[in-house]
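Presented below is the structure to which this report refers.
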Amino acid sequence: MAKRNFSMVEYFNKIAADHIPELAFKGSTKSEFDEWHKRAHAKYMQLLGEFPQPVDLGPEVIFSIEEDGIIRERVIFDSEEHMSVPCVVLRPADMAVDGSNAAILCSHGHGRFGKEPVAGNRSSAEYIGDIETMSYDYGMQMARAGYMTISPDLRVFGERSDGGDPYPGRDKCNIHFIRGAILGIWTLTLNIFDMSRCIDYLLTRPEVDGERIGMMGLSQGGTMTTWTSAAEPRIKAADIMGYLNPWKGFGLKRSNFCGSQIVPECYRWFDTHDIAGLIAPRPLLVEAGVHDLCFFIEDQLVSIEAVKRIYEAAGVPDRLWVDIHPGPHAFAANKAFDFFAKYL
Numbered sequence: 003m004a005k006r007n008f009s010m011v012e013y014f015n016k017i018a019a020d021h022i023p024e025l026a027f028k029g030s031t032k033s034e035f036d037e038w039h040k041r042a043h044a045k046y047m048q049l050l051g052e053f054p055q056p057v058d059l060g061p062e063v064i065f066s067i068e069e070d071g072i073i074r075e076r077v078i079f080d081s082e083e084h085m086s087v088p089c090v091v092l093r094p095a096d097m098a099v100d101g102s103n104a105a106i107l108c109s110h111g112h113g114r115f116g117k118e119p120v121a122g123n124r125s126s127a128e129y130i131g132d133i134e135t136m137s138y139d140y141g142m143q144m145a146r147a148g149y150m151t152i153s154p155d156l157r158v159f160g161e162r163s164d165g166g167d168p169y170p171g172r173d174k175c176n177i178h179f180i181r182g183a184i185l186g187i188w189t190l191t192l193n194i195f196d197m198s199r200c201i202d203y204l205l206t207r208p209e210v211d212g213e214r215i216g217m218m219g220l221s222q223g224g225t226m227t228t229w230t231s232a233a234e235p236r237i238k239a240a241d242i243m244g245y246l247n248p249w250k251g252f253g254l255k256r257s258n259f260c261g262s263q264i265v266p267e268c269y270r271w272f273d274t275h276d277i278a279g280l281i282a283p284r285p286l287l288v289e290a291g292v293h294d295l296c297f298f299i300e301d302q303l304v305s306i307e308a309v310k311r312i313y314e315a316a317g318v319p320d321r322l323w324v325d326i327h328p329g330p331h332a333f334a335a336n337k338a339f340d341f342f343a344k345y346l
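Sequential numbering of the sequence shown, starting at 3, is according to the numbering used here.
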């Protein structure tokens, strides 16, 4: 008797069970890494599609205040013709204005409040709750460690959320993915473009050394750190928190992602750890919480081992740092300070 199936859930699970991405890294030597990196990076950039045309940033510092030794600035700049980016920029009050300082781009996750908790905004109980639950104020923590940090709102979050609920009952990330798809525009690519424009802005700052720029992010911020760092060579060191794990589990089995975190055919060609592997030979820190209920630790460990193989083949195993911590879906704050101090 024929084996019948009416379930689309089961259909994709069956496909995922045997799927191996076409550009999954399978080598072990430096020459195999170099050949793979060249082919994989070209395909990766092709999948992202065309980036918008940049316009003059026209940056404005809306306000600048000092509190407890940290300068907080609200900064707005234009990334492309029809889009502006609101950010919080933090720096130590005594930071020298001599072009010698490191900066870190801090991306928020798929949370309710965009950049604000990441930048240490404690003006509401809700912000404080996110900060305390996930050690989520890494933009502020890194500023207190001596860095300039820039925390932008991703598209459809925070100040860019069109009031928070423009499509009641539906995930606006998915709606905008569909809207863009009929034009051949991917929201993830647009966000990567905006992250690159944040780097352009940092290069205008008299405090910053353009050779000392890093990136970090939790959850969707981990997505952004992975995908942006793979595309943007000006990021010299990256900290991916609570994201790397195979698409087979979180993507196809649990569908734990949104339209702002994919481009079409991404899993046909790459798993998440392959994209992270494109960051090599640059330094990379991967953080994974044992009690992460968003991305399961057993899945994260699979991707961590895969990234280790890529860094070993690249000849730089020492540049991959791993922090498997006994916490939840959160910034561990165990190795990040030493990591960025060493590589930035």
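Here a beta-carbon is modelled for each residue, glycine too, at the ideal position from N, C-alpha and C.
Worksheet item: Around the C-beta of E234, are 16 or more other C-beta atoms found within 10 angstroms, so that it is buried, or is it exposed?
Response: Locating residue 234 in the sequence shown gives position 232, counting from the first residue. It is buried - the Cβ of E234 has at least 16 other Cβ atoms within 10 Å.
Item to complete: Compare the C-alpha of V99 against each of P328, Q263, D211, F333 and name the closest.
Response: Taking the sequence shown and counting its residues from 1, the one referred to as residue 99 is at position 97. Of the candidates P328, Q263, D211, F333, the one whose C-alpha sits nearest the C-alpha of V99 is D211.
Worksheet entry | Closest residue to Y203 among M10, V90, L322, G111 (Cα-Cα distance) | Residue 203 sits at position 201 when you count from the first residue of the sequence shown. The candidate whose alpha carbon is nearest that of Y203 is V90.
Worksheet item: Can you check whether the CB of E289 is closer than 8 Å to the CB of M243?
Response: Taking the sequence shown and counting its residues from 1, the one referred to as residue 243 is at position 241. Taking the sequence shown and counting its residues from 1, the one referred to as residue 289 is at position 287. Yes; because the gap between Cβ atoms is below 8 Å, this pair is in contact.
Item to complete: Alpha carbon to alpha carbon, how far is L192 from W229? Give it in angstroms, no decimals.
Response: On the sequence shown, residue 229 is found 227 positions in, with the first residue counted as 1. On the sequence shown, residue 192 is found 190 positions in, with the first residue counted as 1. Going by the C-alpha atoms only, they are around 12 Å apart.
Discussion item. Assuming contact is defined by CB atoms lying nearer than 8 Å, are A338 and M197 in contact in what I supplied?
Written reply: Locating residue 338 in the sequence shown gives position 336, where the first residue counts as 1. Locating residue 197 in the sequence shown gives position 195, where the first residue counts as 1. Contact flag unset, no.
Worksheet item: With respect to the alpha helix (DSSP H) encompassing F65, which residues constitute its N-terminal and C-terminal limits?
Response: As a first step, residue 65 must be located in the sequence shown, where it is residue number 63. Looking at the DSSP string, F65 is not in any alpha helix (DSSP H); the run it does join, the beta strand (DSSP E), is 62-69.
Discussion item. DSSP three-state label for T359, please.
Written reply: The requested residue 359 does not occur in the structure, where the chain is confined to residues 3 to 346.
Worksheet item: Could you give the residue range of the beta strand (DSSP E) that holds M150?
Response: As a first step, residue 150 must be located in the sequence shown, where it is residue number 148. From DSSP, the beta strand (DSSP E) with M150 extends over 150-154.
Worksheet item: From M144 to V77, what does the alpha carbon distance come to, in whole angstroms?
Response: Counted from its first residue, the sequence shown places residue 144 at position 142. Counted from its first residue, the sequence shown places residue 77 at position 75. About 18 Å.
Worksheet item: Taking the continuous beta strand (DSSP E) assigned at A95, which residues delimit it?
Response: What you label residue 95 is simply residue 93 of the sequence shown in a count that begins at 1. Careful: A95 lies outside any beta strand (DSSP E) and carries neither H nor E.
Item to complete: Measure from the alpha carbon of E69 to the alpha carbon of each residue in L25, N123, I180, then state which is nearest.
Response: For the purposes of this step, residue 69 is identified with residue 67 of the sequence shown, where counting begins at 1. Looking at the Cα atoms, N123 is the closest of the given residues.
Worksheet item: Using the rule of at least 16 other Cβ atoms within 10 Å of the residue's Cβ for burial, across every protein chain shown, is G171 buried or exposed?
Response: Looking up residue 171 in the sequence shown gives position 169. So G171 ends up on the exposed side.
Worksheet item: Can you find at least 3 beta carbon pairs, one from the segment 256-264 and one from the segment 40-53, that sit closer than 8 Å?
Response: no
Discussion item. So, at 6 Å on beta carbons, what are the nonlocal neighbours of A18 in its own chain, with the 5 sequence-adjacent residues on each side left out?
Written reply: For this step, residue 18 is matched to residue 16 along the sequence shown. Same-chain partners within the cutoff: K250, L254.
Worksheet item: What's the C-alpha gap between R236 and S102?
Response: By one-based count along the sequence shown, residue 236 stands at place 234. By one-based count along the sequence shown, residue 102 stands at place 100. Whole-angstrom Cα-Cα distance: 16 Å.
Discussion item. Can you list, in chain order, the residues of its chain with a C-beta nearer than 7 Å to that of Y129? Leave out the 5 residues immediately preceding and following it.
Written reply: Residue 129 sits at position 127 when you count from the first residue of the sequence shown. Closer than 7 Å at Cβ, skipping near neighbours: F115, E118, P119, N123.
Worksheet item: Which first and last residues belong to the beta strand (DSSP E) in which H2 is found?
Response: Nothing can be reported for residue 2, as the shown portion of the chain is limited to 3 through 346.
Worksheet item: From this set, L92, W188, C260, N247, which residue's C-alpha is nearest L49's C-alpha?
Response: Start at 1 with the first residue of the sequence shown, and residue 49 comes out as number 47. It is W188 whose Cα lies nearest to the Cα of L49.
Practice prompt. Return the residue from the list S9, Y269, H112 that minimises the CA-CA distance to D155.
Written response: For the purposes of this step, residue 155 is identified with residue 153 of the sequence shown, where counting begins at 1. Among S9, Y269, H112, the Cα nearest to that of D155 is on H112.
Item to complete: Ignore the nearest five residues each way along the sequence and tell me which others in P61's own chain have a CB closer than 8 Å to its CB.
Response: Locating residue 61 in the sequence shown gives position 59, counting from the first residue. Around P61: V77, I78, F79, Y203, T206.
Worksheet item: Is DSSP giving C108 helix, strand or coil here?
Response: Along the sequence shown, one-based indexing puts residue 108 at 106. Annotated three-state conformation of C108 is strand, per DSSP.
Worksheet item: On the three-state DSSP scale, how would you describe C175?
Response: Stepping through the sequence shown from its first residue, residue 175 is reached at position 173. Three-state DSSP puts C175 in a helix.
Worksheet item: If you draw a straight line from the alpha carbon of N7 to that of N15, how long is it in whole angstroms?
Response: Stepping through the sequence shown from its first residue, residue 7 is reached at position 5. Stepping through the sequence shown from its first residue, residue 15 is reached at position 13. N7 and N15: Cα-Cα distance of roughly 12 Å.
Practice prompt. May I ask you to verify whether the segment 303-322 touches the segment 275-286, counting CB pairs closer than 8 Å and requiring at least 3?
Written response: yes
Worksheet item: In the structure shown, what three-state DSSP assignment does N247 receive?
Response: The residue labelled residue 247 in the question sits at position 245 within the sequence shown. If DSSP states are grouped into helix, strand and coil, N247 belongs with coil.
Practice prompt. Please go through the same chain and pick out, in chain order, the residues whose beta-carbon is closer than 8 Å to the beta-carbon of L295, but skip the five residues on each side of it.
Written response: On the sequence shown, residue 295 is found 293 positions in, with the first residue counted as 1. So the list reads P330, H331, once near-sequence residues are dropped.
Worksheet item: Looking at C-alpha atoms only, which residue of F65, S33, R74, M85 is the closest neighbour of D58?
Response: Here residue 58 corresponds to residue number 56 of the sequence shown, with the count starting at 1. Answer by Cα proximity: M85.
Worksheet item: Are A232 and P285 closer than 8 Å when you measure CB to CB?
Response: Walking along the sequence shown from the start, residue 232 turns up at place 230. Walking along the sequence shown from the start, residue 285 turns up at place 283. For A232 and P285, no; Cβs fall outside 8 Å.
Fill in: Top-ranked residue by Cα proximity to D139, from L107, P319, I22, E34
Sequence index remark: in the sequence shown, residue 139 carries index 137 (1-based). Nearest of L107, P319, I22, E34 to D139, Cα basis: L107.
Fill in: I64 versus E75: straight-line alpha-carbon distance, rounded
The count along the sequence shown starts at 1 and reaches residue 64 at position 62. The count along the sequence shown starts at 1 and reaches residue 75 at position 73. Each residue's Cα considered, the two are about 7 Å apart.
Fill in: Rounded C-alpha distance that separates M142 from L92
As a position in the sequence shown, residue 142 is number 140, starting the count at 1. As a position in the sequence shown, residue 92 is number 90, starting the count at 1. Using only the alpha carbons, I get a separation of about 7 Å.
Worksheet item: Looking only at DSSP bridge pairs, what is W323 linked to?
Response: The residue labelled residue 323 in the question sits at position 321 within the sequence shown. According to DSSP, W323 bridges with L287.
Item to complete: Would you give the residue range spanned by the alpha helix (DSSP H) that S231 belongs to?
Response: Position 229 of the sequence shown, counting from 1, holds the residue named residue 231. Boundaries of the alpha helix (DSSP H) harbouring S231: 222-233, taken from the DSSP string.
Worksheet item: I133 lies in the alpha helix (DSSP H); which residues open and close that run?
Response: Counting from one through the sequence shown, the residue named residue 133 turns up at place 131. Taken as a continuous stretch (DSSP letters only), the alpha helix (DSSP H) holding I133 covers 127-136.
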